[in-house]
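Here the structure comes first, spelled out in structure tokens, and everything after it is commentary.
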Amino acid sequence: MSQMTRWIGMTMLLALAAAAPVRAELKIGVVDMQRALNDCDAGKKARDQVKAKFEKAQDQLKRQREDLDRLRGDYDKKAVVLKEEERRNLEKDLENRSLEFKRKYEDFQRDLKRTDSELTAGIVDELYGLVRDYGEKHGYSFVLEASNGALLYNDKATDITDDIIKLYNTSPRHEGARSSKVKE
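Everything in the sequence shown is counted per the numbering used here, starting at 11 for the first residue and increasing by one.
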């Protein structure tokens, strides 16, 4: 048994020794695409455009929500003293207003996501292209995506996000204004 254990140990040691040079040749980079999108010049511009376009609608929704909450509070205070028909009418009115608010809120969210996607899709495509070019130019075997949640740990030395942001911002081909025009 001891000879078998020794043989297995030697085999494992030889396998690790043989694999060490292969591992040393791998060059792995990590890029946080969400941070690259948020921090590159065109990404900031797109975020500002989305914010400007939707601030007014968001304020209107906030006021409508506050009005609805106030009406609910008033209803709760008055419900016990109201006649049955008045109570039913107020309940129906509150329900209709709640449904209208919910519909407007869902429309707002959907429009916000659609606009954000339209503004950032070109930027994201260009960032992915830059990552590919950067990886090839600098001899990376792999470049992993950090922002998708699959990467649990990486050494900061492997993070190339700042390099990608700088490359994007200085690249004449990106022309962030072209990639982030709002369609109204």
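Beta carbons are placed, not taken as given, at the ideal position from N, Cα and C, and that holds for glycine.
Sequence-distant residues of the same chain with beta carbon closer than 6 Å to residue i, five excluded per side
i	result
D169	V40
G53	L47, I133
D49	I175
V90	none
L36	S151
Residue i - containing beta strand (DSSP E), residue span
i	result
I170	Here I170 belongs to no beta strand (DSSP E), and DSSP marks it neither H nor E.
V90	Careful: V90 lies outside any beta strand (DSSP E) and carries neither H nor E.
L154	152-155
G159	Element bounds for G159: n/a, residue is neither H nor E.
Start-to-end residues for the alpha helix (DSSP H) that takes in residue i
i	result
V141	94-147
Own chain residues within Cβ distance below 7 Å of residue i, not counting five before or after
i	result
G145	G39, V153
Y85	L100, L104
Residue i burial status per 10 Å Cβ neighbour count (16 or more: buried)
i	result
R188	Note on R188: pLDDT 41, under 50, position unreliable in the model; the coordinate value appears next. Classification of R188: exposed, given that the 10 Å Cβ count is below 16.
A56	buried
E136	buried
Contact test: residue i Cβ vs the ligand GTP heavy atom, cutoff 7 Å
i	result
Q44	Here there are no bound small molecules, and the ligand GTP is not part of this structure.
Same chain, Cβ closer than 8 Å to residue i, five either side skipped, listed in chain order
i	result
G83	none
L92	L100
Q | Inter-stretch contact (C-beta, 8 Å, three-pair minimum) for the segment 150-161 and the segment 76-91 | A | no
Q: State whether the segment 112-126 contacts the segment 57-75, with contact taken as three or more CB pairs (one from each stretch) at a distance under 8 Å.
A: yes
(Q) Quick check: the segment 120-130 against the segment 160-167, are at least 3 beta-carbon pairs closer than 8 Å? (A) no
Q: Would you mind listing the beta strand (DSSP E) stretches within the segment 24-85 that are 3+ residues and don't spill past its ends, in chain order?
A: 38-41
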